[in-house]
Amino acid sequence: MSAASEFPAANNVYVENFGDKGSLPLPPGKKLIVVTCMDSRIDVMSHLGLKEGDAHIIRNAGGVAIDAIRSIIISQRLLGTREIAIFHHTGCGMVTFKTPQLREIVASSAPEDKEVAKRLENIDFHEFDDVEESTKDDVKFLKAHPLLLKETTVTGWVYEVETGKIRQVA
2 MSAASEFPAA
12 NNVYVENFGD
22 KGSLPLPPGK
32 KLIVVTCMDS
42 RIDVMSHLGL
52 KEGDAHIIRN
62 AGGVAIDAIR
72 SIIISQRLLG
82 TREIAIFHHT
92 GCGMVTFKTP
102 QLREIVASSA
112 PEDKEVAKRL
122 ENIDFHEFDD
132 VEESTKDDVK
142 FLKAHPLLLK
152 ETTVTGWVYE
162 VETGKIRQVA
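Heads up, the sequence shown is in this note's numbering, so the first residue is 2 and it goes up one at a time.
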């Protein structure tokens, strides 16, 4: 059975408790963006005490800011966010490989397909070696980015998957 086959039943339960969430405003109430990893062990809303309508949550592999910049610009310019919290985490898979290694894995799965190899040349997977340093690097990147609003507050955090604790590093 696929995971998707369970969606309708789970959604029915959700709908029963939906309440007035349909009337939440489009802009996030806390004017907050959280950029974090797609890791399935991270429940952003719970560990930060957020609820629906509070923040934009942008997730990608590693919680890398450069991958999130398009969404950040839209969130700021069209929906009024003014604060960004970058969250990387311990035990992140992004420290387990290098871009050339991943390119080779993907290319070797289709050795005769020249289009695969060509497209891989332009992808940087933005891996990193140190979770804390990568968080600080992302904060620096955002603070210096010319398309971010100058009054934006940007902080950097590490979430510990082993304990659920967070700590500010930037």
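Just so it is clear, CB atoms sit at the ideal spot from N, CA and C, and this is done for glycine as well.
Just so you know, these numbers come straight off a predicted model, no measurement behind them.
query                                                                                                                                             : result
Alpha carbon to alpha carbon, what distance is there between Ala10 and Leu148?                                                                    : 42 Å
Which runs of the beta strand (DSSP E), 3 residues or longer, sit entirely within the stretch 52-117?                                             : 56-61, 84-90
Output the distance between the C-alpha atoms of Ser24 and Lys52, rounded to the nearest integer angstrom.                                        : 14 Å
With the cut-off set at 8 Å, would you say Val1 and Arg83 are in Cβ contact?                                                                      : This structure cannot speak to residue 1, because the chain is shown only from 2 to 171.
Which same chain residues end up closer than 8 Å to Lys32 when comparing Cβ atoms and leaving out the 5 residues on each side of it in sequence?  : Gly81, Thr82, Arg83, Glu84
Given that a residue counts as buried once 16 or more other Cβ atoms are within 10 Å of its Cβ, and exposed if not, what is Glu128?               : buried
Mind checking who Gly50 pairs with in its DSSP beta bridge?                                                                                       : BP columns for Gly50 are empty, so no partner.
Does DSSP put Thr136 in a helix, a strand or coil?                                                                                                : helix
Using DSSP bridges, identify the partner residues of Leu33.                                                                                       : Ala56, Glu84
With distances taken Cα to Cα, identify the nearest neighbour of Arg120 among Asp130, Arg168, Leu103.                                             : Leu103
What did DSSP end up calling Arg120 once you bin it into helix, strand or coil?                                                                   : helix
Which same chain residues end up closer than 7 Å to Asp130 when comparing Cβ atoms and leaving out the 5 residues on each side of it in sequence? : Val96
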